[in-house]
Amino acid sequence: MRTIRIGSGAGYSGDRIEPALELAEKGEIQYLVFECLGERTVALAQQARMKNPEGGYDPLLEERMRMVLPVCASRGIKIVTNMGAANPEAAARKTLEIAKSLGLPSLKIAAVVGDDVLDACKDGDLPIMEFDGTIKQLGNRLLSANAYLGAEPMAQALNQGADIVITGRASDPALFLAPMIHAFGWAMDDWNLLGQGTVAGHLLECAGQITGGYFADPGYKDVEGLARLGFPIGEVGEDGALVITKVAGSGGAVTAQTCKEQLLYEVHDPKRYLQPDVVADFSQVKVEEIAPDRVRVSGGRGTRRTDTLKVSVGYVDSFIGEGQISYGGPGALARGRLALDIVRERLKLTGVAASELRFELIGVESLHGADLSAHATEPYEVRVRVAGRTESLREAIRIGNEVETLYTNGPAAGGGAFKSARDVVAVASVLLPRDLAKPQIRFVGN
Amino acid sequence: MKLRDIAHSRTGDKGNTSNISVIAYDEKHYPLLLAQITSARVKAHFAGLVEGDVVRYELPNISALNFVMAGALGGGVTRSLALDAHGKSLSSALLDLDIEPASGDK
């Protein structure tokens, strides 16, 4: 049976750089996938593209490509990535420029475009899923609308000889499904195979999260070598057989436990994991350790895909102002609480217009609130944190100011004040009839 | 004993919804999870944090439960004022639940 090995070189935009090189050099892989596009990243990238028409792709694209292109080119490893963000064609042109500068001018580089469906969403005035309202009601706060494309256009680009495929918004598992469809010629209506392939893609897409990252809990779940964590490899057979592994000698571990945790990561109903290519069913999945750092995952299934694509809509939501300051030594907790009371009163006195506010003590109750954090003993130090949502940057700035001015107006011995104010680009979703998204493949260069 | 003694857990986020898996280390403890870690109990544990419904899904093949908590992330990951906007630390809070051992289990 034919088998391919797919490496996962990044689990998010800012992820560690060098594990991908280790995969390319020592992983005996044929495909290297970089998943770098978070829910809101494409909206931020769209803002960058509006400022610079050649911008709007992943800021680490150049660093990642420069590092892996020489070894990938010499071994024929094909790269699939969503680092195109809001501008896959510019990312492809940049990658070609990098390839030429490395003496690799013959690499074939394809961009997949068509995920930008802003016009179609406006025309349909589609309803927003997360709150009452429609696309049009967002008015000039609307920034972007990008459909989660499936694996088909990426697989076609590989079929047409692409060495590197760069997309914008696509479903994360689809980045991995595309090489499987390309290598094995899977039919786009073989729902069970696509479902099992989705299991593989879903397990691999967060890179280090299946090799021991986001997992260690000393004394309960110990993991060796997190500072040199190896990124995962999916060994996929023509019939969908899947083994998750990693480069021998790298840090971390692939175990039944790491695979089970990642299987359910960001999953709601495990029988209906909605993807552009298939509705995957994880409910019958089995996980078996077959050797050290080798885990067989079987039983993924699927049913017919839906008639709609999920679309991420980016919009300017609000502004957030924040301030922090620390108190230490005896009485730190009381001084921290006094500081919060002062800021609460100051924000009222000075009329700061915030629609939502949080007053909390980091180290005491900031993560889970007062009920879950009831403390038996007083901490040695606390950090005051006040954050609020406003309609303007000017108002947001005033929140941090009221924390910073605790230096000279607040409790004794407050130090290390920090303040910030920023605009919030948020993301909501709509469902777009599938045929209104028209993905296209564009090769750059000759 | 604590849930942490028999199960491990991971939190994921989508929009304003958080999901928390609870996975038995040993499949023999799965019935304890089924009997004692109900959606009502999870909802009560996170009473101050989760505004919406808590739905439980069962995965006997991997001895796991998956809790999906609506309205759990302060309006959504991309707009929350919370320090941990993703709610990634919620799994550790859930593992603090008490578990009544089965007879024969100490």
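The listed protein sequences correspond, in order, to chains E and W. For the first sequence, our numbering begins at 1 and goes up steadily by one. For the second sequence, our numbering begins at 1001 and goes up steadily by one. Don't be surprised by glycine CBs; every beta carbon is placed ideally from N, CA and C. None of the values given here were measured: they were computed from a predicted structure.
Where residue i sits in the DSSP three-state scheme
i	result
residue 401 of chain E	helix
residue 184 of chain E	helix
residue 87 of chain E	coil
residue 127 of chain E	strand
residue 254 of chain E	coil
residue 108 of chain E	coil
residue 140 of chain E	helix
residue 283 of chain E	coil
residue 115 of chain E	coil
residue 260 of chain E	helix
residue 132 of chain E	coil
residue 336 of chain E	helix
residue 447 of chain E	Lying outside 1 to 446, the shown extent of chain E, residue 447 of chain E is not represented and no answer is given.
residue 202 of chain E	helix
residue 361 of chain E	strand
residue 71 of chain E	helix
residue 435 of chain E	helix
residue 319 of chain E	strand
residue 271 of chain E	coil
residue 169 of chain E	coil
residue 343 of chain E	helix
residue 101 of chain E	helix
residue 294 of chain E	strand
Proximity winner among the options, relative to residue i (alpha-carbon distances)
i	options	result
residue 232 of chain E	E/224, E/208, E/119 and E/217	E/208
residue 1011 of chain W	W/1086, W/1036 and W/1075	W/1086
residue 5 of chain E	E/201, E/444, E/298 and E/318	E/201
residue 1102 of chain W	W/1004, W/1032, W/1022 and W/1002	W/1032
residue 430 of chain E	E/8, E/46, E/25 and E/121	E/121
residue 88 of chain E	E/68, E/170 and E/420	E/170
residue 54 of chain E	E/367, E/85 and E/215	E/85
residue 59 of chain E	E/27, E/17, E/74 and E/76	E/17
residue 443 of chain E	E/48, E/95 and E/303	E/95
residue 255 of chain E	E/237, E/268 and E/210	E/210
residue 134 of chain E	E/353, E/315, E/178 and E/100	E/315
residue 346 of chain E	E/108, E/402, E/407 and E/410	E/402
residue 191 of chain E	E/90, E/253, E/175 and E/305	E/305
residue 301 of chain E	E/317, E/416, E/246 and E/282	E/282
residue 410 of chain E	E/108, E/394 and E/326	E/326
residue 20 of chain E	E/80, E/49 and E/108	E/80
residue 303 of chain E	E/413, E/188, E/246 and E/406	E/188
residue 437 of chain E	E/117, E/340 and E/332	E/117
residue 280 of chain E	E/287, E/271, E/286 and E/365	E/271
residue 1093 of chain W	W/1079, W/1046 and W/1056	W/1046
residue 203 of chain E	E/219, E/267 and E/147	E/267
residue 441 of chain E	E/65, E/331, E/261 and E/162	E/162
residue 123 of chain E	E/433, E/317 and E/27	E/433
residue 158 of chain E	E/186, E/181 and E/317	E/181
residue 1071 of chain W	W/1017, W/1008, W/1030 and W/1048	W/1017
residue 458 of chain E	E/77, E/381 and E/220	Since the first residue shown for chain E is 1 and the last is 446, residue 458 of chain E is missing from the structure and cannot be characterised.
residue 1060 of chain W	W/1004, W/1035 and W/1027	W/1027
Residue i: CB within 8 Å of a non-hydrogen atom of the ligand GTP
i	result
residue 1037 of chain W	Because no ligand of any kind appears in the structure shown, any question about the ligand GTP cannot be addressed here.
> Fully enclosed by the stretch 1015-1098 of chain W, which beta strand (DSSP E) runs are 3 residues long or longer?
Replying inline: The qualifying runs are 1017-1024, 1054-1059 and 1064-1069.
> Got a sec: which bits of the stretch 285-305 of chain E sit with their beta carbon under 9 Å from any beta carbon on chain W, in order along the chain?
Replying inline: Answer set for the stretch 285-305 of chain E: 285, 286, 287 and 299.
> Is the stretch 304-313 of chain E in contact with the stretch 272-280 of chain E, if contact means three or more CB pairs nearer than 8 Å?
Replying inline: With the cut-off at 8 Å, the stretch 304-313 of chain E and the stretch 272-280 of chain E touch.
>> Closer than 9 Å between beta carbons: that is the criterion. Which residues of the stretch 374-393 of chain E meet it against chain W?
In response: The residues in question are 385, 387, 388 and 389.
>> What ranges does the beta strand (DSSP E) occupy inside the stretch 225-249 of chain E, keeping only unbroken runs of at least 3 residues that lie completely in it?
In response: The stretch 225-249 of chain E contains these whole beta strand (DSSP E) runs: 232-237 and 242-246.
>> At 3 residues or longer, what runs of the beta strand (DSSP E) sit wholly inside the stretch 366-432 of chain E?
In response: Within the stretch 366-432 of chain E, the complete beta strand (DSSP E) runs of at least 3 residues are 381-390.
>> By the 9 Å beta-carbon criterion, what residues does the stretch 416-441 of chain E contribute toward chain W?
In response: Within the stretch 416-441 of chain E, the residues whose Cβ lies closer than 9 Å to some Cβ of chain W are 424, 425, 426, 427, 428 and 429, listed in chain order.
>> Taking beta-carbon pairs under 7 Å, can you tell me which members of the stretch 319-339 of chain E lie near chain W?
In response: Within the stretch 319-339 of chain E, the qualifying residues are 320.
>> Residues of the stretch 261-285 of chain E in Cβ contact with chain W at a cutoff of 9 Å, in chain order, please.
In response: Per Cβ criterion, the list reads 261, 262, 263, 264, 265, 266, 267, 268, 269, 270, 271, 282, 283, 284 and 285.
> Taking three-plus beta-carbon pairs below 8 Å as touching, is the stretch 385-404 of chain E in contact with the stretch 317-324 of chain E?
Replying inline: In the pairwise beta carbon analysis, the stretch 385-404 of chain E is classified as touching the stretch 317-324 of chain E: at least three pairs are separated by under 8 Å.
>> Under 8 Å: do the stretch 234-244 of chain E and the stretch 143-161 of chain E share three or more Cβ pairs, one atom per stretch?
In response: No: fewer than three Cβ pairs fall under 8 Å.
>> Within 8 Å, do at least three Cβ pairs link the stretch 421-436 of chain E to the stretch 31-40 of chain E?
In response: Taking 8 Å as the limit for Cβ pairs, the verdict is that the stretch 421-436 of chain E does touch the stretch 31-40 of chain E.
> When you check each C-beta in the stretch 1088-1105 of chain W against every C-beta of chain E, which residues fall closer than 7 Å?
Replying inline: Of all residues in the stretch 1088-1105 of chain W, 1089 and 1093 have a Cβ within less than 7 Å of some Cβ in chain E.
> Taking three-plus beta-carbon pairs below 8 Å as touching, is the stretch 98-114 of chain E in contact with the stretch 164-182 of chain E?
Replying inline: As far as the Cβ criterion goes, the stretch 98-114 of chain E touches the stretch 164-182 of chain E, which means the pair count is three or higher.
> When Cβ atoms are compared, which residues of the stretch 208-236 of chain E fall closer than 9 Å to chain W?
Replying inline: Answer set for the stretch 208-236 of chain E: 209, 214, 215, 217, 220 and 221.
> For the 8 Å Cβ check, are there 3 or more pairs between the stretch 1014-1033 of chain W and the stretch 1058-1069 of chain W?
Replying inline: Contact annotation: the stretch 1014-1033 of chain W touches the stretch 1058-1069 of chain W, with at least three C-beta pairs closer than 8 Å.
> Which residues, in chain order, does the stretch 40-57 of chain E contribute to contact with chain W at a C-beta distance below 7 Å?
Replying inline: Across the stretch 40-57 of chain E, CB contacts with chain W closer than 7 Å involve 40, in sequence order along the chain.
>> Closer than 7 Å between beta carbons: that is the criterion. Which residues of the stretch 348-359 of chain E meet it against chain W?
In response: Answer set for the stretch 348-359 of chain E: 356 and 358.
>> Along the stretch 125-139 of chain E, where does the CB come closer than 7 Å to a CB of chain W? Name the residues.
In response: When CB distances to chain W are screened at a threshold of 7 Å, the residues of the stretch 125-139 of chain E falling below it are 130, in chain order.
>> What ranges does the beta strand (DSSP E) occupy inside the stretch 15-54 of chain E, keeping only unbroken runs of at least 3 residues that lie completely in it?
In response: Taking only runs of at least 3 residues, the beta strand (DSSP E) segments lying wholly in the stretch 15-54 of chain E are 31-34.
> Mind listing which residues of the stretch 1028-1057 of chain W have their C-beta closer than 9 Å to chain B's C-betas, in chain order?
Replying inline: Reference to chain B is not applicable here, since the protein chains of this structure are E and W.
> What are the residues of the stretch 238-257 of chain E that lie near chain W, defined by any Cβ-Cβ distance shorter than 7 Å?
Replying inline: Against chain W - using a Cβ distance shorter than 7 Å - the residues of the stretch 238-257 of chain E are 257.
>> Can you pull out the residues from the stretch 1004-1016 of chain W whose beta carbon lies closer than 9 Å to at least one beta carbon of chain E?
In response: From the stretch 1004-1016 of chain W, only 1004, 1005, 1008, 1009, 1010, 1011, 1012, 1013, 1014, 1015 and 1016 have a Cβ closer than 9 Å to chain E.
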